[in-house]
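Working notes, beginning with the structure itself.
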Amino acid sequence: MSLFTDILPLGLILFACGVTLLGGFVKGAVGFAMPLIMISGMGILIDPKLVVAGIIFPIVVSNGWQVLHAGLGQAREAVRDHWRYVLVVCVMILISAQFLTLIPTRVMFFILGVPVVVLCAIQLLGWRPRIPAQRRRVFEWGAGFAAGTLGGLAGTWGPPTVLYLLALNTPRARQMAVQGVIYGAGSVMLLLGHLQSGVMNAQTWPLSALLVPPALAGMWLGFKLGDRFDQNRFRRMTLLVLIIAGANLIRRGVMG
3 MSLFTDILPL
13 GLILFACGVT
23 LLGGFVKGAV
33 GFAMPLIMIS
43 GMGILIDPKL
53 VVAGIIFPIV
63 VSNGWQVLHA
73 GLGQAREAVR
83 DHWRYVLVVC
93 VMILISAQFL
103 TLIPTRVMFF
113 ILGVPVVVLC
123 AIQLLGWRPR
133 IPAQRRRVFE
143 WGAGFAAGTL
153 GGLAGTWGPP
163 TVLYLLALNT
173 PRARQMAVQG
183 VIYGAGSVML
193 LLGHLQSGVM
203 NAQTWPLSAL
213 LVPPALAGMW
223 LGFKLGDRFD
233 QNRFRRMTLL
243 VLIIAGANLI
253 RRGVMG
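If you read the sequence shown in this note's numbering, its first letter stands for residue 3, the second for the next number, and so on.
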């Protein structure tokens, strides 16, 4: 345990595990939001750069599970249909991750909090962009650029990906498979990017590894119990809580 308490006090480690368990449960139940929950929840008490390091292993492993859960056949079709978006997301995650260590802590709270509030509010309000078929390629590059940049800096590219798939009017079952591929590929790039940036290092990887079991336990519970919930109501409640947590991160950026 001393390996972990060298990074954080025991109380904060238990807090991080609890937040991760909740994030895994929501991901298993409704298929999204684990990084957002971990960032906005852990960021209340823990240094934001350490939070970004902490989420890396859990999202790599959980997204791999999501890909397998959707089926490898579906994954191959998703890569074939959305390879441009996947490519630019992965490249931008690798590039933008290198700038994380240069950003002051107060600015990091804004980088983490503002996207959480804006992207959750967009989903809560039900706004759905519409992209004509002839402009799909331009939209793929642009949306992928934005999602990958946010992913490298804040560890989350899920909400922009959801908006991208909604804009293409992707059927829900298909959307879950595509999300699994995009999240899985992006999470591997996030790991590689932050190994290069130094955010994931000998001091931070033990915390990230420690958070894998609660993430998987939460996902397992979400898979088992998710069908018992009113999915729309549960999703709305999750988004509202995330907006409140994101607003608190912004407050910390303003007040220090």
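Where a beta carbon is used, it is the ideal one built from N, C-alpha and C, also for glycine.
Pairwise C-beta distances place the segment 212-227 in contact with the segment 13-30, as three or more of them are shorter than 8 angstroms. For A211, the uninterrupted alpha helix (DSSP H) run begins and ends at 207-212, by DSSP. By the Cβ-count criterion, Q177 is buried, with 16 or more other Cβ atoms from all chains shown falling within 10 Å of its own Cβ. Relative to the Cα of P134, the nearest Cα in the group F112, L197, L170, G160 belongs to L170. Sixteen is the threshold: when 16 or more other Cβ atoms of the shown chains lie within 10 Å of the Cβ of V62, as they do, the residue is buried. Straight-line spacing of the CA atoms in F231 and L104 works out to 42 angstroms. Measuring C-alpha to C-alpha distances from V190 to each of P60, L152, R86 identifies P60 as the nearest. In the three-state DSSP reduction, T163 falls in the helix class (H, G or I). For the set F17, V54, A148, the Cα lying nearest the Cα of Y166 is the one of A148.
At the C-beta level, G115 and G224 stay beyond 8 angstroms of one another.
A direct Cα-Cα distance of roughly 20 angstroms separates Q181 from G195.
Here DSSP, grouped into helix, strand and coil, assigns L89 to helix.
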